[in-house]
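Taking the working numbering, the leading residue of the sequence shown gets 1036, the next gets one more, and so forth. The beta carbon of each residue, even a glycine, is placed where N, CA and C say it ideally should be. Presented below is the structure to which this report refers.
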Amino acid sequence: MNSSNTTDQQFEIEIKSLLGSKENADALQTKLKERFPDIKVTEESKQLNHYFVGENFTALAKALEPHLPEAKHAQLISTLEKGKKISVRTRQLNDKVIFVMKASIDDTTSSNGISRLEFETEVENLTLDQLDQL
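Set out below in structure tokens:
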């Protein structure tokens, strides 16, 4: 067995956590830099998420249809047909407006189940507020 640790592989880890404040985020970043001196930030972004509760997802899919490419709408319908417990959110990520739907395909929840479908698409012709009204 070769114990040499030479490799050209690169790995990326995205950390999502509710840290509560800028100070907590700065403290985490400082600790990461102490532990991993070569760590670097590759992207910074701001996002706003809106979460929705409801049951008439077929009506939502119909309202979204004029705003999605045909293939994306078909994927949305497939997610609705195959999914059980469904959750919906809208997101503004920098300048992009995004629609997200997650659905469990077993008896777990859509938010933390291992067996789930995820549908996500950018909605170019609507603002976040307009998308929320659908």
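Asked: C-beta contact flag for Ala1096 and Ile1074 at 7 Å; Found: no
Asked: Ala1098 beta carbon less than 7 Å from that of Gly1118; Found: no
Asked: Lys1131, enclosing alpha helix (DSSP H) - first and last residue; Found: No alpha helix (DSSP H) holds Lys1131; the beta strand (DSSP E) holding it covers 1131-1139.
Asked: Glu1058 - containing alpha helix (DSSP H), residue span; Found: 1057-1070
Asked: Whole-angstrom distance between Val1158 and His1108, CA atom to CA atom; Found: 11 Å
Asked: Range covered by the alpha helix (DSSP H) that runs through Glu1116; Found: 1105-1117
Asked: Counterpart residues of Phe1154 in DSSP-defined beta bridges; Found: Met1136
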